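One structure below.
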Amino acid sequence: MERTQILVTGAAGFIGFHVAHRLVKDGHNVCGLDNVNDYYDVGLKRSRLEVLKGYSNFRFYERDLAEQNAVNSCFEENKFVYVLNLAAQAGVRYSLVNPHAYLQSNVTGFLNILEACRHHQVRHLVYASSSSVYGANKKLPFSVHDNVDHPLSLYAATKKSNELMAHTYSSFFGLPTTGLRFFSVYGPYGRPDMALFIFTRNIIEGKPIDVYNNGMMMRDFTYVDDIVESIVRLIPSVARPNPEWNGISPDPATSFAPYRVYNIGNNSPVMLNEFIEAIEDRLGRKAIRNMMPMQPGDVPESHADVEALIKEVDFKPSTSIRDGINKFLDWYLKYFDIKL
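Here the sequence shown is numbered in our numbering, starting from 21 and rising by one per residue.
Following this line, the structure appears as structure tokens:
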């Protein structure tokens, strides 16, 4: 991909930070946009931004996607060739507590991005969807060619709505859009509200960890560097119409419009108990497990079919759970200055 001007929303967030970091190291001019809210530790978000601000080709806007004028002025001040919308109100369980935050950020915010891309001739909009859109689907592995009409949380519903909204802009205005369904992303600088962060902290401090569904859930854990590599390869692979698409037997992953959807997952589900054991082995400490039932909005298993991704960019996420967890823990112990 030629060096160019790229907007990364959610640049202070977990995935947004890693993607922006890769892009600036590759020589692109990157604008980061984030409202740096206090959903979780603002200090961690600021630490990510400090890394990015060390690059002369990174520029940061502290703005809220839900504020239309703030988004528009960012586009007017720059000529973005590509836009990566990785900002969102995240978290399945939190959507049961504060649903309005999800509509404001994930729906209104995404609409503002779509409108800005349409009016500023953006070459390709790549945006974060989620594996949670598969909801009540039982057929495994989850395929982008299957319908996803039964979400189990408001968070999942907002991500499904992003895909629908993107399609309307692709079909009405010819805006190329690519949606990415991420599967259980983890790695350094990860979110403190996610299992790996919580388990690590509690095991080190000798506190119990809540293990849902008695540890029998399967998750397609995907290391963040594999997510980044997938995104970087997909950016210049501009979404295009599928000439074989038809409305009698419509393919949900493609369209007559320049619209695509891809799974990004490791394609190798891991039992939650095995995930915990990998943390225990690296730390040399045993977890105190508080076995819990399945939580509302959770699914018993996730498994990504990544054939479409491989076909498009010749890449498959493959970092093993042990390697990925060890890399996270190396970062965690250094970041928090912990001696075991």
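All C-beta atoms in this analysis are idealised placements derived from N, C-alpha and C, irrespective of residue type, glycine included. These figures come from a predicted structure and were not determined experimentally.
Can you tell me whether residue i is buried or exposed? The criterion is at least 16 other CB atoms within 10 Å of its CB, across all chains shown.
i    : result
F356 : exposed
H144 : buried
R211 : buried
G134 : A small correction: the amino acid at residue 134 is Leu; Gly does not occupy that position in the sequence shown. It is buried - the Cβ of L134 has at least 16 other Cβ atoms within 10 Å.
D84  : buried
H165 : exposed
A156 : exposed
V117 : exposed
P316 : exposed
P270 : exposed
L329 : buried
K179 : buried
S338 : exposed
I358 : exposed
S173 : buried
N89  : exposed
I268 : exposed
N287 : buried
Tell me whether the beta-carbon of residue i lies closer than 8 Å to the beta-carbon of residue j.
i    : j    : result
S115 : Y154 : no
Y102 : I255 : yes
F100 : I26  : yes
T242 : G199 : no
R280 : V333 : no
F193 : S322 : no
P263 : A277 : no
F217 : N182 : no
V244 : H38  : yes
S204 : F335 : no
I224 : A307 : no
V112 : D318 : yes
G47  : R23  : yes
Among the options, which residue has its Cα nearest to the Cα of residue i?
i    : options                   : result
N105 : V244, D54, L216 and P320  : D54
D325 : N182, G33 and D240        : D240
N6   : G63, G226, S67 and L184   : The first residue shown for the chain is 21 and the last is 360, placing residue 6 beyond what the model contains.
N310 : G267, H120, N222 and H41  : N222
G63  : F295, S275 and F34        : F34
I345 : Y206, L329, I268 and N262 : Y206
P443 : P270, C137 and H48        : Coverage of the chain is limited to positions 21 through 360, which leaves residue 443 absent and any answer about it impossible.
L160 : P289, D213, V91 and D58   : P289
E70  : Y59, G52 and D58          : G52
E87  : N132, F95 and R23         : N132
G226 : P171, T188, R305 and D213 : R305
V258 : P171, T274 and I296       : T274
K354 : E96, M214, Y209 and R23   : Y209
M214 : V146, H120, L172 and A110 : A110
F295 : G235, K331, E327 and P171 : G235
E96  : A186, P119, E297 and H139 : H139
K45  : Y59, D61 and S76          : S76
V146 : N98, K331, A186 and H120  : A186
V91  : D58, T128 and W265        : T128
For residue i, which residues from the same chain have a beta carbon less than 6 Å from its beta carbon, with the 5 sequence-adjacent residues on both sides left out?
i    : result
M237 : L292 and P320
A107 : T29, G30 and L85
K65  : A32 and V56
S190 : T197, A277, P278 and Y279
T188 : none
I361 : Residue 361 is absent from the model: the chain starts at 21 and stops at 360.
W351 : P208
Beta-carbon within less than 8 Å of residue i's beta-carbon, same chain only, minus the 5 sequence neighbours each way: which residues are those?
i    : result
M314 : Y232, N233, M237 and P320
L43  : I26, V28, V50 and V252
F202 : I35, A148, S149, S150, S151, T242, I247, I284 and G285
L349 : T220, I299, R302 and L303
P272 : V164, H165, D166, N167, V168 and V281
Q141 : none
Would you check whether the ligand ADP has a heavy atom nearer than 7 Å to the C-beta of residue i?
i    : result
A215 : As for the ligand ADP, it is missing from this structure, which has no ligand bound.
Take residue i and list the residues in its own chain whose beta-carbon comes closer than 7 Å to its own, dropping the five residues that flank it on each side.
i    : result
K73  : F80
S177 : According to the sequence as given, residue 177 is Ala; it is not Ser. These residues qualify, in order along the chain: P171.
M21  : I255 and P256
K347 : G207 and P208
Original post:
At what residue ranges does the stretch 186 to 225 contain a whole run of the beta strand (DSSP E), taking only runs of 3 or more?
Top reply: 197 to 202
Original post:
In chain order, which continuous runs of the alpha helix (DSSP H) of length 4 or greater are located wholly inside the stretch 219 to 288?
Top reply: Complete alpha helix (DSSP H) runs here, min 4: 244 to 254.
Original post:
At what residue ranges does the stretch 81 to 106 contain a whole run of the alpha helix (DSSP H), taking only runs of 4 or more?
Top reply: 88 to 97
Original post:
In chain order, which continuous runs of the beta strand (DSSP E) of length 3 or greater are located wholly inside the stretch 137 to 180?
Top reply: 144 to 148
Original post:
What are the uninterrupted segments assigned as beta strand (DSSP E) that are 3 or more residues long and contained completely in the stretch 292 to 346, given in chain order?
Top reply: 308 to 312
Subject >> Entirely enclosed alpha helix (DSSP H) segments - the stretch 30 to 65, minimum 4 residues >> reply: Counting only runs of at least 4 residues, the stretch 30 to 65 fully encloses the following alpha helix (DSSP H) elements, listed from N- to C-terminal order: 34 to 45.
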